[in-house]
């Protein structure tokens, strides 16, 4: 019989503080889930190095690309409700989508979910020139008409933030509401993620951390650019905290259910974590919005996504068979967050 590991809070917090010191991280929040329950949540350090405001489990961070897993969840929710078909071309849902390459007509929603569209990545996020209006996403999609594909749709993996902005616009058009409103009403609220939002202006006052960067002298300082722009909302701008991301993790561990509510069906969950393509390094494959790593044993299967933007880093790993998961969020673009996350998972 396998002995259950005893959770040692002191050991955990020592590892966290050592990592923060090593990477010069001003602030970090952490959430752990074990056996479908929250095991531990906490904040460390400060929201802003120029102020002495401590980070807690409820402090809000910019989640960067972890946002994409929520978008994928919403697309699959609409799929199971019969509102769209992920195997059909994108142009069936947003006819104004057009690229400078006739093969764009073949690109399906599923290919976009799995970064198999053949589209390139964003060159400029325009964080220094953000757009805030409701038409920003549609306008962005219409601006893509000079882009060429790198290869045939479906041929191989290449990570593309652009495709997730397009998926966000599809969510808006199919649902008849703004992307952010759909996410709030159909994903975040049912998961009791009441302080989470895709709209920066809706973040509870005083709860958001500041992004930090390293200046030319090698010192850590607050960035004068905050990574927010509604044209990149779907790919990057979920605002959340350690406590509420744990609710999301629990829904995935329960194969779509949270607190008695069905957020998505078990068949949908299985579709999302099915490997669709190897991504060319290690044992990683791509599912629908999630990366999957399998070292051979079921208990080692990890579904994961990380996030990285100016002044922010985040990492989410779920081990569904082992029954444990971690969310880490930092207000500095630190290195080694994946190895750090796995070290923590190994001790719980």
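Residue numbers (the UniProt record's numbering): 1 to 348.
The beta carbon of each residue, even a glycine, is placed where N, CA and C say it ideally should be.
Computed from a prediction, not measured in an experiment: that's the story for all the values here.
Taking 8 Å as the cut-off, the beta carbon of residue 243 is found no closer than this to the beta carbon of residue 198. Within the region 162-230, the complete alpha helix (DSSP H) segments at least 4 residues long are 179-183, listed from N- to C-terminus. Judged by DSSP secondary structure, residue 150 falls outside any beta strand (DSSP E); it is assigned neither H nor E.
For residue 45, the uninterrupted beta strand (DSSP E) segment begins and ends at 37-45. Classified as buried, residue 64 has 16 or more neighbouring CB atoms from the shown chains inside 10 Å of its CB. Here residue 201 is exposed. Its C-beta has fewer than 16 other C-beta atoms within 10 Å.
DSSP places residue 83 outside any beta strand (DSSP E), giving it a letter other than H or E.
Straight through space, the alpha carbons of residue 300 and residue 35 are spaced by roughly 15 Å. Excluding sequence positions up to five before and after residue 246, its CB lies within less than 6 Å of the CB of 31, 33 and 38, all in the same chain and listed in chain order. Residue burial annotation: residue 211 is buried, with at least 16 other C-beta atoms found within 10 angstroms of its C-beta. Less than 8 Å divides the Cβ of residue 72 from the Cβ of residue 272. DSSP, reduced to helix, strand and coil, places residue 101 outside both helices and strands of the structure shown, so it counts as coil. Judged by their CB atoms, residue 227 and residue 127 are nearer to each other than the 8 Å cut-off. The three-state reading of DSSP puts residue 158 in coil, since its state is none of H, G, I, E or B. Residues 266 and 269 of the same chain have their beta carbon placed closer than 6 Å to that of residue 255, with the five preceding and five following residues left out of the count.
Taking 4 residues as the minimum length, the alpha helix (DSSP H) runs contained wholly in the region 231-304 are 233-236, 242-253 and 266-272, in order along the chain. Residue 325 sits buried, since 16 or more C-beta atoms from the chains shown fall within 10 Å of its C-beta. In the structure shown, the three-state DSSP call for residue 72 is helix. For residue 20, the enclosing alpha helix (DSSP H) covers residues 9-23.
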